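Structure first, then comments.
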Amino acid sequence: MLKTIILSMRGLSFLRFTWMCKNPPSITAGRSRIKISIIGAGPGGLAAAGYFACLGYSVTVYDKQPLPGGMMVFAIPKVRIRDETVLEGIYELRDKFGVVFKNNIKIFGNHEPPKEEGDHFVKELINLKDIVDESDAVLITTGTWQSRKLRIPGEEGPRVMSAVEYLYDIRVWEKGLVDHKPSVGRKVVIIGAGLSAVDAALEALEQGVEEVMIAYRRTKKQAPAGVYEINKLIKRGVKWIELVSPVEIIRENGGVKAIRLQRMRLGEPDESGRPRPIPIPGSEFDLEADTIIEAIGEIPTPPLVNGYLGIKLDKRNKIIVDEKFRTSNPKVWAAGDVVTGPSFIGNAIKTSLYASKSIHTYLSGKIL
C-alpha cells in the first residue's frame with residue numbers, strides 16, 4: 001500500500017489518496033453511519049481519509065489552514081511538490097468520495113491553545129472533547145507546527161525567523177492569501193542541516209537572495225538531510241560553513257547586522273550516535289547577515305495538554321500510543337509526526353495507514 005501511494009507522487013499528475021479503490025464503494029455495509037474525524041490535513045491525515053473513504057465511512061477532516069495539504073502545501077517549496085499534485089487528490093476526496101474538509105479550524109483541549117506557526121488563518125476554535133463525543137473514532141495527525149529556538153542573545157526581534165515561518169510566509173504569498181512578499185535582504189544565514197534547512201535554502205535561492213549560507217555545528221557527513229542534499233545546494237551556490245555554532249545575533253538599528261559563531265571540534269558520540277560538537281574557546285567570529293533562519297528542528301503540536309481526555313504525552317510533547325497507534329483514550333488514535341517527531345512524508349503516511357487499519361478493525365465490531 002505504502003509503495004503504491006508514494007509512487008503516485010512520481011508517476012501520476014496528482015497524489016491519489018484513494019489508491020485502494022478507483023470509485024466510491026457502492027455497498028458500505030452500514031459504514032456510512034459510522035463517523036470518523038481526522039484532525040490534521042497533512043499527508044498522514046489525507047492518506048487516512050482516502051483509506052476510510054474507500055471503505056465507505058463518513059469522514060470529516062479538520063485543519064487550521066485555509067486549504068488542506070498541511071506542510072506539503074504550506075511549507076515545502078514548489079520545486080519539490082507542486083500544489084496541483086496535492087490539491088487534485090484532495091478535490092477527488094471531496095468531490096468523488098464525499099470527504100468533508102473543515103478548514104480554518106483549530107482543535108484543542110480545555111484551555112486557550114498555545115500560539116503555533118501557521119495559525120494566521122484560524123477563524124474558529126473547537127474543543128477536542130466535542131469532536132471525540134460526536135465521532136465513533138478520531139485520528140490525530142497534527143504534525144509539528146512549532147520550531148525549536150536557539151535561545152541566544154539577540155534572537156528576539158525582526159529578521160530572525162524559523163524555517164517553517166519563512167517557508168510558510170512565502171507559500172501563503174504565492175497563493176495570494178497575503179499581499180506582502182516576505183523580504184529577507186541580500187544575505188541569509190540558515191542555522192541547521194536538516195530538511196527544513198535545505199528547503200529554506202532552496203526557497204531563498206528561488207526567491208533570488210544573493211548570498212545564502214548554511215552554518216552547521218557538525219560536518220556534512222553528519223547532516224540530517226544527507227550529503228547528497230547538501231552537495232546539491234553547494235552546486236547551486238549555497239555557502240556551506242561547518243563545525244560552527246551560533247552564540248549571539250548582533251543587531252543594529254533594530255535589524256540584524258551579523259551572527260556570531262563559535263568554531264567546534266567533534267568529540268565522542270552523543271546519545272544520537274553522532275560525534276558530539278565541542279566548543280573551541282576563543283574561536284568566535286562574526287558573519288555578516290541580513291536575516292537569520294533557524295532550522296534546528298520542530299516540536300510535535302498535539303491538540304491537547306498532557307492527560308486531557310486521558311491522552312498522554314511524553315516529555316518531547318509526542319502523543320503516546322500503543323503498537324496499533326491507539327492512545328490511552330479508546331476512541332482516539334494518533335499517527336505521523338505528532339507521534340514520531342519530525343520525519344519524512346512517507347513515514348507520516350505509513351504510520352497513519354497503520355492507525356487507520358487499527359481503527360477499521362475496531363469499528364468493524366460496531367457495524368450492525
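Residue 18 in UniProt numbering sits at position 18 of the sequence shown; the count goes up by one each step and never skips. For glycine and all other residues, C-beta sits at the position ideal for the given N, C-alpha and C. Here the structure is a predicted model, which is why all the values come from computation and not from measurement.
- Should residue 191 go down as buried or exposed, given a rule of 16 or more other Cβ atoms within 10 Å for buried? buried
- Query: Under 9 Å, do residue 301 and residue 317 count as touching if we go by C-beta distance?
  - Reply: yes
- Message: Please report the distance separating the alpha-carbon of residue 161 from that of residue 55.
- Response: 43 Å
- In chain order, what residues of the same chain lie with their CB nearer than 7 Å to the CB of residue 49, ignoring the 5 residues before and after it? 17, 38, 59, 61, 93, 99
- DSSP-derived helix/strand/coil call for residue 421: This structure gives no information on residue 421, because the portion of the chain shown stretches from 1 to 368.
- Item | Other residues of its chain near residue 256: CB distance less than 7 Å, five sequence neighbours each side excluded | Taking C-beta separations shorter than 7 Å and ignoring five residues to either side along the sequence, the partners of residue 256 in its chain run 159, 160, 249, 289, 290, 291, 292, following chain order.
- Please determine if the segment 166-185 and the segment 314-333 are in contact, where contact requires at least 3 C-beta pairs separated by less than 8 Å. no
- List the whole-angstrom C-beta distance separating residue 351 from residue 44, where the pair is believed to meet the contact cut-off of C-beta under 8 Å. 7 Å
- Would you tell me roughly how many angstroms separate the C-alpha atoms of residue 202 and residue 311, rounded to the nearest one? 38 Å
- Message: How far does the alpha helix (DSSP H) with residue 193 in it extend, from its first residue to its last?
- Response: From DSSP, residue 193 is part of no alpha helix (DSSP H); its letter is neither H nor E.
- Query: If residue 117 and residue 165 are in contact, beta carbons under 8 Å, what's the gap, nearest whole angstrom?
  - Reply: 6 Å
- Message: I want to know whether the segment 114-129 touches the segment 138-148 - three or more CB-CB distances under 8 Å.
- Response: Touching, per the Cβ criterion.
- Task: For the beta strand (DSSP E) containing residue 272, list its first residue and its last residue.
- Result: From DSSP, residue 272 is part of no beta strand (DSSP E); its letter is neither H nor E.
- Item | Continuous alpha helix (DSSP H) assignments of at least 4 residues falling wholly in the segment 210-236 | 227-235
- Item | 4 or more residues per run - each alpha helix (DSSP H) lying fully within the segment 30-80 | 43-54, 71-74
- Out of 35, 211, 225, point me to the one whose CA is closest to residue 133's CA. Distances from the alpha-carbon of residue 133 to those of 35, 211, 225 put 35 closest.
- Task: Under the assumption that residue 213 contacts residue 239 (Cβ atoms under 8 Å), give the Cβ distance between them as a whole number of angstroms.
- Result: For a cut-off of 8 Å, the C-beta gap from residue 213 to residue 239 is around 4 Å, short enough to register as a contact.
- Message: residue 110 and residue 64 - do their beta-carbons sit closer together than 9 Å?
- Response: no
- Message: Please tell me whether residue 101 and residue 128 are closer than 9 Å, where the distance is taken between their beta carbons.
- Response: no
- Item | Alpha-carbon spacing of residue 210 relative to residue 187, whole angstroms | 6 Å
- The alpha helix (DSSP H) with residue 343 in it runs from where to where? For residue 343, no alpha helix (DSSP H) run applies, since DSSP gives it neither H nor E.
- Message: Measuring straight from C-alpha to C-alpha, what distance separates residue 96 and residue 208?
- Response: 40 Å
- Item | Environment of residue 229 [buried if 16+ CB atoms lie within 10 Å] | buried
- Message: Can you check which of these residues, 22, 306, 47, is closest to residue 354 by C-alpha distance?
- Response: 47
- For residue 275, I'd like the list of residues in its chain whose CB is within less than 8 Å of its CB, leaving aside the five on either flank, ordered along the chain. 218, 222, 266, 267, 268, 269
- Select from 57, 298, 322, 42 the residue whose C-alpha is nearest the C-alpha of residue 346. 42
- Message: Does residue 179 come out as helix, strand or coil in the three-state DSSP assignment?
- Response: coil
- Task: Return the CA-CA distance between residue 174 and residue 364, expressed in angstroms with no decimal places.
- Result: The C-alpha of residue 174 lies about 43 Å from the C-alpha of residue 364.
- Query: What three-state label does DSSP hand residue 327 in the structure shown?
  - Reply: For residue 327, the three-state secondary structure derived from DSSP is coil.
- Query: Which parts of the segment 91-131 are runs of the beta strand (DSSP E), unbroken and 3 residues or longer, counting only runs that do not cross its ends?
  - Reply: 100-102, 105-108, 124-127
- Task: Mind checking who residue 240 pairs with in its DSSP beta bridge?
- Result: Beta-bridge pairing links residue 240 to 214.
- Integer Cβ distance of residue 77 from residue 199, believed to fall under 8 Å: 6 Å
- Task: Apply the 10 Å Cβ neighbour rule to residue 361 and answer buried if 16 or more other Cβ atoms are within range, or exposed otherwise.
- Result: exposed
- Message: Quick check on the burial criterion: 16 or more other C-beta atoms within 10 angstroms. Buried or exposed for residue 286?
- Response: exposed
- Item | Close beta carbons around residue 122, own chain, < 8 Å, minus the five adjacent residues each side | 64, 104, 105, 106
- Are the Cβ atoms of residue 258 and residue 139 separated by less than 9 Å? no
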